[in-house]
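Undergrad: The structure is given below, and queries will be raised subsequently.
2 protein chains.
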Amino acid sequence: MVNDILGTDVVVQIGIIVRNIEKAVEEYSKIFGVEKPEIIITDVYEKAKTQYKGNPTPARAKLAFFKNFKNVEIELIEPDDNPSTWREFLDTHGEGLHHLGFLVKGTQKIMEDFKKNGIEIAQQGYYTGGMYTYLDSFEKIKFIIELLENF
Amino acid sequence: MVNDILGTDVVVQIGIIVRNIEKAVEEYSKIFGVEKPEIIITDVYEKAKTQYKGNPTPARAKLAFFKNFKNVEIELIEPDDNPSTWREFLDTHGEGLHHLGFLVKGTQKIMEDFKKNGIEIAQQGYYTGGMYTYLDSFEKIKFIIELLENF
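Chains as they are written, first to last, in my numbering: chain A, 1 to 151; chain B, 1001 to 1151.
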């Protein structure tokens, strides 16, 4: 059943915060016997327009995407020291699973629906071809919901 | 591509540790607009034969399974106070995403392959119709691998 709020019934991404992405990529690739993916870095503020808790932040993160499981993608994330949901998670919880990502259409409308359940935007930004929105759902359901919308 | 060690390329389950499962189930159901699943409790030692770090443990956990996403199941887990991977995770990391589960055949052989990469069994036990094995993969890849084998 397609979720009424999200408009999808598929978890597309599992996001994991790590301290040292080079080391984590190495271990992951070794354990699952897969090639090491490229490590990329999120765009600078001028392009990403990253907003964290309603304020602009220069925060960036190193990312690596593992596509070796067919039903869901695993993303490793190494935050920099600037304020972000990634850095906050690392400082509060340590390394570990950070978010579940959903591919959506109409982020604005979805956010309005989530607000009715007391869930607000934690962080929002752009990537080439789309926009991501992290919700502050952790306190209620113990994981962060990420809305991914491609244009 | 089917993973050489696991023999599967599908993540079947995302496991989340919570302090209060009744409250988390309530919030989850509200947020995703789904019916509340039954909360069950893992079997007593005599049936589950739970082994944690190589020793028997009376540990049990309350569980709730959300099947509202079509590609992966979400499991909420509230540990009791006895020694277990669930309790250890809660005490060390707090609430949050604990494991990714894979449906496998031949746990013993898979474990031997993981051992070659320095990964051992953290906890193992039985449920009606099958057996689960948590691996101590957290330090290396920042999530716990769970092998689920149904008989």
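For every residue, glycine included, the Cβ atom is placed at its ideal position computed from N, Cα and C.
Whose C-beta lies closer than 8 Å to the C-beta of Glu38 of chain A among residues of the same chain, with five residues either side of it excluded?
TA: Answer for Glu38 of chain A: Ala64, listed in chain order.
Undergrad: Does the Cβ of Phe114 of chain A have 16 or more other Cβ atoms within 10 Å, making it buried, or fewer, making it exposed?
TA: Buried.
Undergrad: Shortest alpha-carbon distance to Lys62 of chain A belongs to which of A:Gly33, A:Phe69, A:Ile21?
TA: That would be A:Ile21, whose Cα lies nearest to the Cα of Lys62 of chain A.
Undergrad: Helix or strand or just coil, what does DSSP make of Ala1024 of chain B?
TA: Of the three classes helix, strand and coil, the one that applies to Ala1024 of chain B here is helix, per DSSP.
Undergrad: For the segment 1095 to 1104 of chain B against the segment 1004 to 1020 of chain B, do three or more pairs of beta-carbon atoms, one drawn from each stretch, fall closer than 8 Å, so that the two count as touching?
TA: Cβ pair count under 8 Å is three or more, so yes.
Undergrad: Could you round the C-beta distance between Lys1142 of chain B and Glu95 of chain A to whole angstroms and report it? I think they count as a contact, below 8 Å.
TA: So it is a contact: roughly 5 Å between Cβ atoms.
Undergrad: Roughly how many angstroms lie between the CA atoms of Thr42 of chain A and Glu146 of chain A, to the nearest whole one?
TA: Going from the Cα of Thr42 of chain A to the Cα of Glu146 of chain A covers about 16 Å.
Undergrad: When we look at the beta-carbon of Ile40 of chain A and count the other beta-carbons within 10 Å, is it buried (16 or more) or exposed?
TA: So Ile40 of chain A ends up on the exposed side.
Undergrad: In chain A, which residues lie less than 8 Å from Glu1035 of chain B when you measure between Cβ atoms?
TA: Here the premise fails: no neighbours, minimum Cβ distance about 10 Å.
Undergrad: Nearest to Gln108 of chain A by CA position, among A:Ile74, A:Tyr132, A:Leu97, is which residue?
TA: Out of A:Ile74, A:Tyr132, A:Leu97, A:Tyr132 has the C-alpha closest to the C-alpha of Gln108 of chain A.
Undergrad: What residues in its chain sit with their C-beta under 6 Å from that of Gln1124 of chain B, if we drop five residues either side in the sequence?
TA: Taken in chain order, the residues that qualify are Gln1051, Thr1133.
Undergrad: Could you tell me the alpha carbon to alpha carbon distance between Asn150 of chain A and Lys1070 of chain B, rounded to whole angstroms?
TA: Their Cα atoms are separated by approximately 21 Å.
Undergrad: So, at 7 Å on beta carbons, what are the nonlocal neighbours of Leu1006 of chain B in its own chain, with the 5 sequence-adjacent residues on each side left out?
TA: If we look at Leu1006 of chain B and ignore the five residues flanking it on each side, its Cβ neighbours are Phe1102, Val1104, Ile1110.
Undergrad: Under the DSSP definition of a beta bridge, which residues are partnered with Phe1066 of chain B?
TA: Its beta-bridge partners are B:Ile1074.
Undergrad: Against chain A, does Asn1071 of chain B count as a neighbour if the rule is that its beta carbon must be under 8 Å from one of theirs?
TA: So, interface residue.
Undergrad: Asp9 of chain A: which of B:Leu1097, B:Lys1047, B:Lys1030, B:Glu1073 sits nearest, CA to CA?
TA: It is B:Glu1073 whose Cα lies nearest to the Cα of Asp9 of chain A.
Undergrad: Indicate the three-state DSSP secondary structure (helix, strand or coil) for Ile1110 of chain B in the structure shown.
TA: Note: Ile1110 of chain B maps to helix in three-state DSSP.
Undergrad: Just by C-beta distance, which residues in the segment 16 to 44 of chain A are closer than 7 Å to chain B?
TA: Residues Ile16, Val18, Ala24, Glu27, Tyr28, Lys30, Ile31, Phe32, Gly33.
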